[in-house]
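Student: Submitted below is the structure of interest, expressed as structure tokens.
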Amino acid sequence: MTGHFLAINWELKHPEVGEEGFFEGPSFASFDALLIDPNPVSDLWVYDVPPEKDGVRRTYTDSDRGFGRTLSRLMAKRRAEAADLLHKASGIIVCRLRPRGEPLEVMAQGAPGERIDRYSWLPTVSLVDRHHQLTFPANSRFLPRCGKDVVFRGTGDPFEDYLHEFKGRILYRAVYQDLLSTPISHFATVLACNKVGDVIALQIPFDEGRLVLLPPLEGVSPAREAAALLKAVSTAVLHPAFAPKPDWLPAYPLPGEDALRDELSSLTSRREKLNLKVEEVASRLEETTKYNRILYSKGRFTFLSAVADSFRALGFTVEKSNYDLLLRSNEGDAIGTASASEEAMIGLGPYRRLLDWVDRARTEGEGPNKGILVVSGSRELDPKRRPTQFTPDVLRGCKSQGFCLLTTYELYKLVRQALEEKDKKALATLRRKLLESDGEFRGSG
């Protein structure tokens, strides 16, 4: 399908997609599909209107030089254009699902205030069956919630296929809920949820038009995302729009329908069990491979944590203390620290920090006399191809103080040996080698 597409505040590189801003762009109704990220919409008032004492941002039409009225008219204009695109042109609006953000109250003298937020441009739709009513967006909540736990619903919808293509790259920032706890699936197509059932991707019918709410992606090029989105839009046009099934429909079964429903129920049950098994194996895999992080990560919360896990794998108890690492075992105790860098060599900084800690422990008589310095220089290179990872003065200092100087590759080999052998005597021997090593450790084989 060759279409006429408009992207608002959404970087999408494609020859068929025009890119414009929310307030100054052309009419939404003049396009076949609108692709919009509402996140920057609130920038207009968040940066220009300070919050009052109650934390709410307000603008007063009798003193704001027309700002409030202009903004209100712009929102009404965009709302009417979006309604025409959906209802009259049977078009598609694809909107990134974001929190509502900070609202602005437009206060006019002698009239109730108008509350404006990132979604105030959305047109209204009211969908009703015998027992429920979905009023969108008046009863809609866009709650801030962040995560990567995406559970697909298996709808076969083109926009769910779009999400499948970027599995692992989806990072939702909000979830959709209804204030009245209306069963969403009665009126709309839920494409994906998180593990606790919050809706993170949804398609709502507007007559023959459709509004699709999708979570944002991370680490995907604008060109690739645009191609996948346009493919979904083009395919969706060929699919019938969502129509809620009436409650009397089961009284009109078709030949073979019951058997297919039973088969589908059985497959769904098996899929749920398989999903649980996948999660279990994935968790075990993550637990098994967590030691690899010492070879490439950096930082206190990732690298140092991985080093601590590695020493635990060797049988050390890693205790909380004023030091980076306080290692205890039957063979002896040690104070440890770790440093990772893209640079080829680790300098004196981490060594001096370790020396200060050990000296304090020695003079106060309260801690270990042994220091272990773990280094990861040239961390972006293959560990087997890394040059010497510490400066000569670091090596001299460790030798003179009786510290063990250990590269992460040597520590990795120790951990691998410990995981393979799982022998208490062998682990004790490894710990003893580390604690008795002065200078560079080369004892892992």
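To convert, note that position 279 of the sequence shown is 261 in our numbering; the numbers rise steadily by one, no gaps.
Glycine included, C-beta positions come from ideal geometry on N, C-alpha and C.
Bear in mind that the values here come from a model prediction, so they are computed numbers and not experimental data.
Taking 7 Å as the threshold (C-beta atoms), are M89 and R123 in contact?
Tutor: Working through the sequence shown from its first residue, we reach residue 123 at position 141. Working through the sequence shown from its first residue, we reach residue 89 at position 107. No. Outside cutoff.
Student: Decide if Q91 is buried, meaning its Cβ has at least 16 other Cβ atoms within 10 Å, or exposed.
Tutor: By 1-based counting over the sequence shown, the position of residue 91 is 109. Answer is exposed; the Cβ neighbour count stays below 16.
Student: I need the DSSP call for M89, collapsed to helix, strand or coil.
Tutor: Within the sequence shown, residue 89 is the residue found at index 107, counting from 1. Residue state, collapsed to three classes: strand.
Student: Looking at the structure shown, is G421 part of a helix, part of a strand, or coil, going by DSSP?
Tutor: Taking the first residue of the sequence shown as 1, we reach residue 421 at position 439. Strand, per DSSP.
Student: Kindly provide the ranges of any alpha helix (DSSP H) runs that are 4 or more residues long and lie completely inside the segment 73 to 131, ordered along the chain.
Tutor: Within the segment 73 to 131, no complete alpha helix (DSSP H) run reaches 4 residues.
Student: Here's the rule I'm using: 16 or more other beta-carbon atoms within 10 Å means buried, otherwise exposed. How should C380 be labelled?
Tutor: Counting from one through the sequence shown, the residue named residue 380 turns up at place 398. Under this definition C380 is a buried residue.
Student: Quick one: is R367 buried, meaning 16 or more other Cβ sit within 10 Å of its Cβ, or exposed?
Tutor: By 1-based counting over the sequence shown, the position of residue 367 is 385. It is exposed - the Cβ of R367 has fewer than 16 other Cβ atoms within 10 Å.
Student: Would you mind reading off the limits of the alpha helix (DSSP H) that contains D429?
Tutor: Residue 429 is absent from the structure shown; the chain starts at -17 and stops at 427.
Student: When you compare only the Cα positions, how much space is there between I186 and P204?
Tutor: If you number the sequence shown from 1, residue 186 lands on position 204. If you number the sequence shown from 1, residue 204 lands on position 222. Taking the straight line joining both Cα atoms gives about 25 Å.
Student: Just how far apart, CA to CA, sit L211 and L(-6)?
Tutor: For this step, residue 211 is matched to residue 229 along the sequence shown. For this step, residue -6 is matched to residue 12 along the sequence shown. When rounded, the distance between both Cα atoms is 9 Å.
Student: Which residues in the same chain as P81 place their Cβ atom closer than 6 Å to its Cβ, once the five residues preceding and following it in sequence are excluded?
Tutor: Locating residue 81 in the sequence shown gives position 99, counting from the first residue. For P81, where only same-chain residues beyond five positions count, the Cβ hits under 6 Å are F124, P126 and A156.
Student: Going by DSSP, which residues form a beta bridge with R368?
Tutor: Translated into the one-based positions of the sequence shown, residue 368 becomes position 386. Answer by DSSP bridge pairing: none, since R368 is not bridged.
Student: Output the distance between the C-alpha atoms of G427 and S303, rounded to the nearest integer angstrom.
Tutor: Walking along the sequence shown from the start, residue 427 turns up at place 445. Walking along the sequence shown from the start, residue 303 turns up at place 321. Low confidence applies to G427: its pLDDT is 47, below 50, so where it sits in the model is not reliable enough to give any reading.
Student: Alpha carbon to alpha carbon, how far is D139 from F5?
Tutor: On the sequence shown, residue 139 is found 157 positions in, with the first residue counted as 1. On the sequence shown, residue 5 is found 23 positions in, with the first residue counted as 1. Straight-line Cα distance between these residues: approximately 31 Å.
Student: Can you give me the C-alpha to C-alpha distance between W230 and P237, rounded to a whole angstrom?
Tutor: Here residue 230 refers to the residue found at position 248 when the sequence shown is read from its first residue. Here residue 237 refers to the residue found at position 255 when the sequence shown is read from its first residue. Taking the straight line joining both Cα atoms gives about 17 Å.
Student: What do you get for L86, buried or exposed, if any count of 16 or more other CB atoms within 10 angstroms of its CB means buried?
Tutor: Within the sequence shown, numbered from 1, the residue matching residue 86 stands at position 104. Per the 10 Å Cβ criterion, buried.
Student: Beta-carbon separation of P119 and Y144 under 7 Å?
Tutor: Taking the sequence shown and counting its residues from 1, the one referred to as residue 119 is at position 137. Taking the sequence shown and counting its residues from 1, the one referred to as residue 144 is at position 162. In this structure, Y144 does not lie closer than 7 Å to P119 by Cβ.
Student: Taking all protein chains shown into account, decide if P(-3) is buried (16 or more other Cβ within 10 angstroms of its Cβ) or exposed.
Tutor: The sequence position of residue -3 within the sequence shown is 15, counting from 1. The residue is exposed, with fewer than 16 neighbouring Cβ atoms inside 10 Å.
Student: Have a look at K70, V76, G281 and W339 and flag the residue whose alpha-carbon is nearest the alpha-carbon of A218.
Tutor: Numbered from 1 along the sequence shown, position 236 holds the residue referred to as residue 218. Selected option, being the one with the closest Cα: V76.
Student: Compute the Euclidean distance between the alpha carbons of V356 and Q371, then round it to the nearest angstrom.
Tutor: Within the sequence shown, numbered from 1, the residue matching residue 356 stands at position 374. Within the sequence shown, numbered from 1, the residue matching residue 371 stands at position 389. Rounded to the nearest angstrom, the two C-alpha atoms are 10 Å apart.
Student: Hey, how far is the Cα of R61 from the Cα of P165?
Tutor: By one-based count along the sequence shown, residue 61 stands at place 79. By one-based count along the sequence shown, residue 165 stands at place 183. C-alpha separation (whole angstroms): 26 Å.
Student: Restricting to Cα atoms, I'd like to know which of G384, G83, T390 and L336 is closest to Y305.
Tutor: To locate residue 305, count along the sequence shown from 1; it is residue 323. Ranking the options by Cα distance to Y305, first place goes to L336.
Student: How far does the beta strand (DSSP E) with D160 in it reach, from first residue to last?
Tutor: Reading the sequence shown from its first residue, position 178 is the one you call residue 160. Segment Y154 to D160, the beta strand (DSSP E) holding D160.
Student: If we ignore side chains and look at the alpha-carbon of each, how far apart do I(-10) and L26 end up?
Tutor: As a position in the sequence shown, residue -10 is number 8, starting the count at 1. As a position in the sequence shown, residue 26 is number 44, starting the count at 1. Taking the straight line from one Cα to the other gives about 15 Å.
Student: Apart from the five residues just before and just after V38, which ones in its own chain have a Cβ nearer than 8 Å to its Cβ?
Tutor: If you number the sequence shown from 1, residue 38 lands on position 56. For V38, where only same-chain residues beyond five positions count, the Cβ hits under 8 Å are P85 and E87.
Student: Which residue from A295, Y391 and L53 puts its Cα closest to that of R413?
Tutor: Locating residue 413 in the sequence shown gives position 431, counting from the first residue. That would be A295, whose Cα lies nearest to the Cα of R413.
Student: On the CB-based measure, 16 or more other CB atoms within 10 Å of its CB, does P197 come out buried or exposed?
Tutor: Position 215 of the sequence shown, counted from the start, is the residue given in the question as residue 197. Buried, because 16 or more other Cβ atoms sit within 10 Å of the Cβ of P197.
Student: Between the Cα of D180 and those of H221, G129 and R192, spot the shortest distance and give me the residue it belongs to.
Tutor: For the purposes of this step, residue 180 is identified with residue 198 of the sequence shown, where counting begins at 1. Looking at the Cα atoms, G129 is the closest of the given residues.
Student: Let me know if L249 comes out buried or exposed under the rule of 16 or more other beta-carbons within 10 Å of its beta-carbon.
Tutor: As a position in the sequence shown, residue 249 is number 267, starting the count at 1. When all chains shown are included, L249 counts as exposed.
Student: Should T319 be labelled buried (16 or more other beta-carbon atoms within 10 Å of its own) or exposed?
Tutor: The residue labelled residue 319 in the question sits at position 337 within the sequence shown. Label assigned to T319: buried.
Student: What span of residues does the beta strand (DSSP E) with S321 cover, start to end?
Tutor: Position 339 of the sequence shown, counted from the start, is the residue given in the question as residue 321. A316 to A322 is the extent of the beta strand (DSSP E) around S321.
Student: Taking Cβ to Cβ, would you say A290 is nearer than 7 Å to S279?
Tutor: Counting from one through the sequence shown, the residue named residue 290 turns up at place 308. Counting from one through the sequence shown, the residue named residue 279 turns up at place 297. In this structure, S279 does not lie closer than 7 Å to A290 by Cβ.
Student: Give the straight-line distance between the Cα atoms of V340 and E418, rounded to the nearest whole angstrom.
Tutor: Position 358 of the sequence shown holds residue 340. Position 436 of the sequence shown holds residue 418. So the alpha carbons of these two residues sit roughly 16 Å apart.
Student: To the nearest angstrom, how far is the alpha carbon of T(-16) from that of V(-1)?
Tutor: Here residue -16 refers to the residue found at position 2 of the sequence shown. Here residue -1 refers to the residue found at position 17 of the sequence shown. Residue confidence is low: T(-16) scores 45 on pLDDT, short of 50, so the model does not pin down where it sits. Its coordinate-derived value is still stated next. Looking at the two C-alpha atoms, the distance is approximately 11 Å.
Student: From which residue to which residue does the alpha helix (DSSP H) around G150 run?
Tutor: In the sequence shown, residue 150 corresponds to position 168, counting from 1. Segment: none, G150 is in no alpha helix (DSSP H) and carries neither H nor E.
Student: With distances taken between CB atoms, is the gap from G421 to L387 smaller than 7 Å?
Tutor: Stepping through the sequence shown from its first residue, residue 421 is reached at position 439. Stepping through the sequence shown from its first residue, residue 387 is reached at position 405. Yes. Within cutoff.
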